[in-house]
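In our numbering, the protein residues as written are 1075 to 1519.
Just so you know, even glycine gets a beta-carbon here, dropped at the ideal spot from N, CA and C.
Structure first, then comments.
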């Protein structure tokens, strides 16, 4: 499609044919245009009635008709199961006149951005009711029939992510996490339908309640605790203390779930899946960074995501009670400018940070973040590396690789070993994102 007018005409012709109605389309506006999906909002007048609709379409150069057909089928089935989802108006493949596989659905109104939702007074006021909404939605998702789409298959999330993680190298904190998961297994439950990415960003809130569950790109058959554990993973709390998405309690989540499912999991099962969630997200961050580091996609954003693995390492330790959130001092040392003298590299970096900090352009914010990391590593890296070397030596290890292998192979988790693990994780976080170290653990009950 050359422009919004061409797209409006194509949508109009398609809907008129499929709905056998008089249709006119206006106000076609792009929302996103990425490698995964392109999204537009528009108004369709159907037999004289205005309807606010959304078009999700594959990029022309990256068409996946089977995936789009699955998404449409699953959303339809979710609606029939009682899940709050947009209503599907039409869907089709690349031969349907819109140039690529697509879904047209009702436009739902609300907010999906976590920072805005967590600052919303109505979300805070309705935190228990909202957590119950999520629990009910998860239970309703589990009622979706497996045969709603032929491509829905059983997926062992834990086994797949452990394989992905180990392919990328071992990390001491993650090895402690994997060992804890093995030593504290959850009951084997009957397999159910799973959303696969049930978290902020894919959940729309309106007036402090759940308005819609979005982005059905990772559905599969799996464990009934998967979605509950994912929405309770520490990364999705965004610095807020409550376990469920930063606003709700496990108790309220399970109240909502039980009201529909008819049974109640144990709190510890949610904890198990949330610890796994931290490992899962860390593995995903490392996988995304690898895409740019191997030359698949040139992206500063993806490269920076690789540093976020330290956040997930810290979350594993916090989740297991092996680290306590709180502010940490960033050590610095004075470096000789050498032959270049003035202005020093530190002064140049600070000017870059200051200049990009005044911009609201997303790419400039990425540059500021990257340069800030470089500045902290230049100033503090040598001291932090020495701290880690000392902690490793005290525990009897020469490197974090050696430490990770030892943990994997069953080494006793002594105080000195835990200190070495924690020192490495906290040192990486001090360089990457010092504020994250102070993000709170869940409140005590």
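Check: What residues are listed by DSSP as bridge partners for residue 1294?
Finding: 1268
Item checked: Segment contact, 8 Å Cβ cut-off, at least three pairs: the region 1357–1365 with the region 1310–1319 -> no
Margin query: Please list the terminal residues of the continuous alpha helix (DSSP H) segment that includes residue 1179.
Written below: Run containing residue 1179: none in the alpha helix (DSSP H); it sits in the beta strand (DSSP E), 1176–1180.
Next item on the list: Output the residue ranges of the beta strand (DSSP E) runs that lie fully inside the region 1103–1190 and measure 3 residues or longer, sorted by chain position.
Entry: 1112–1120, 1123–1131, 1162–1166, 1176–1180
Next item on the list: Inspect the CB distances between the region 1080–1091 and the region 1154–1169 and report whether three or more fall short of 8 Å.
Entry: yes
Item checked: Under the three-state DSSP convention, the category residue 1499 falls into -> helix
Item checked: Helix, strand or coil at residue 1438 [DSSP, three-state] -> helix
Next item on the list: Determine, using beta carbons only, whether residue 1137 and residue 1174 come nearer to each other than 8 Å.
Entry: yes
Notebook entry, point to check: Counting pairs of Cβ atoms below 8 Å between the region 1364–1382 and the region 1425–1432, do you hit three or more?
Noted result: no
Next item on the list: Can you tell me which of the three DSSP states residue 1321 falls into?
Entry: coil
Note to self: Here's the rule: buried if 16 or more other CB atoms are within 10 angstroms of the residue's CB, otherwise exposed. What is residue 1471?
What the structure shows: buried
Item checked: Ranges of the alpha helix (DSSP H) found wholly within the region 1188–1229, counting only runs of at least 4 -> 1188–1193, 1195–1199, 1201–1215
Item checked: 6 Å Cβ shell around residue 1401 - same chain, five flanking residues per side excluded -> 1512
Next item on the list: Give the C-beta separation of residue 1295 and residue 1481 to the nearest angstrom, bearing in mind that I take them to be a contact with Cβ-Cβ under 8 Å.
Entry: Contact doesn't hold; Cβ gap of about 32 Å is too wide.
Notebook entry, point to check: Would you call the region 1218–1230 and the region 1302–1311 in contact, with 3 or more CB pairs under 8 Å?
Noted result: no
Notebook entry, point to check: Since residue 1286 sits in a beta bridge, which residues does DSSP pair it with?
Noted result: 1278
Next item on the list: Compute the Euclidean distance between the alpha carbons of residue 1099 and residue 1113, then round it to the nearest angstrom.
Entry: 16 Å
Notebook entry, point to check: Helix, strand or coil: how does DSSP classify residue 1371 here?
Noted result: coil
Check: For residue 1101, does the three-state DSSP call read helix, strand or coil?
Finding: strand
Notebook entry, point to check: How is residue 1387 classed by DSSP in three states: helix, strand or coil?
Noted result: helix
Margin query: At the level of alpha carbons, what is the spacing between residue 1370 and residue 1376?
Written below: 11 Å
Note to self: Let me check understanding here. Comparing Cα to Cα, which of 1094, 1093, 1118 lies closest to residue 1082?
What the structure shows: 1118
Next item on the list: On the DSSP bridge assignment, give the partners of residue 1316 in chain order.
Entry: 1320
Note to self: I need the boundaries of the alpha helix (DSSP H) containing residue 1511, first residue and last residue.
What the structure shows: First-last for residue 1511: undefined, no H or E at that position.
Next item on the list: Let me know the secondary structure DSSP gives residue 1470 once reduced to three states.
Entry: coil
Notebook entry, point to check: Based on Cα-Cα distance, which residue from 1460, 1358, 1433 lies nearest to residue 1407?
Noted result: 1460
Notebook entry, point to check: Is it buried or exposed for residue 1454, if we count other Cβ within 10 angstroms and need 16 for buried?
Noted result: buried
Check: With residue 1064 and residue 1346 assumed to form a contact (beta carbons below 8 Å), what rounded beta-carbon distance in angstroms separates them?
Finding: The chain is shown only over 1075 to 1519; residue 1064 falls outside these bounds and no answer can be derived.
Checklist line | Contact under 8 Å by Cβ, residue 1394 with residue 1254 | finding: yes
Note to self: Does the contact criterion of 3 or more C-beta pairs under 8 Å hold for the region 1234–1249 versus the region 1183–1196?
What the structure shows: no
Checklist line | Whole-Å CB distance - residue 1443 paired with residue 1378, under 8 Å assumed | finding: 6 Å
Check: Below 8 Å between beta carbons: does that hold for residue 1514 and residue 1404?
Finding: no
Check: By a C-beta neighbour count over all protein chains shown, 10 Å radius and 16 as the cutoff for buried, is residue 1140 buried or exposed?
Finding: exposed
Notebook entry, point to check: Anyone know if the C-beta pair for residue 1280 and residue 1183 falls short of 8 Å?
Noted result: yes
Next item on the list: Compare the Cα-Cα distances from residue 1313 to each of 1389, 1340, 1373, 1228 and report the closest residue.
Entry: 1389
Item checked: Reduced DSSP secondary structure (H/G/I, E/B, other) of residue 1507 -> coil
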